[in-house]
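To convert, take the position in the sequence shown, counting from 1, and add 18; that gives my numbering.
Idealized CB from N, CA, C, for every residue including glycine.
Down below is the structure, laid out as structure tokens.
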Amino acid sequence: MPFQVGDNVLWVGDGKHYSIGFIAKAAATDGNTIHIRYPMSYILARAVWMDGSPALKVLTPVQRSKEDP
């Protein structure tokens, strides 16, 4: 199924000790580029190591208010 403008997009950035993710709506597509609106919600997770590989321990969902700048 092709990607549609208005679909939800999940993005995850992985760091050494923490990972952050957010969900946003796709605003437009331009070739291989997806333009997104400001994120609707965030997820912050602390990475822990298990058997030599990272695992996410604590998920902290954060909702963005429309009044936030």
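Nearest neighbour of Leu28, chosen from Lys34, Gly39, Asp48 [CA to CA]
Gly39
Item to complete: Quick one: measure Cβ to Cβ for Gly24 and Ala42, integer angstroms, because I've assumed they're closer than 8 Å.
Response: About 11 Å separates the two Cβ atoms, so there is no contact after all.
So for His35, helix, strand or coil by DSSP? coil
Close beta carbons around Asn26, own chain, < 7 Å, minus the five adjacent residues each side: Ile41, Lys43
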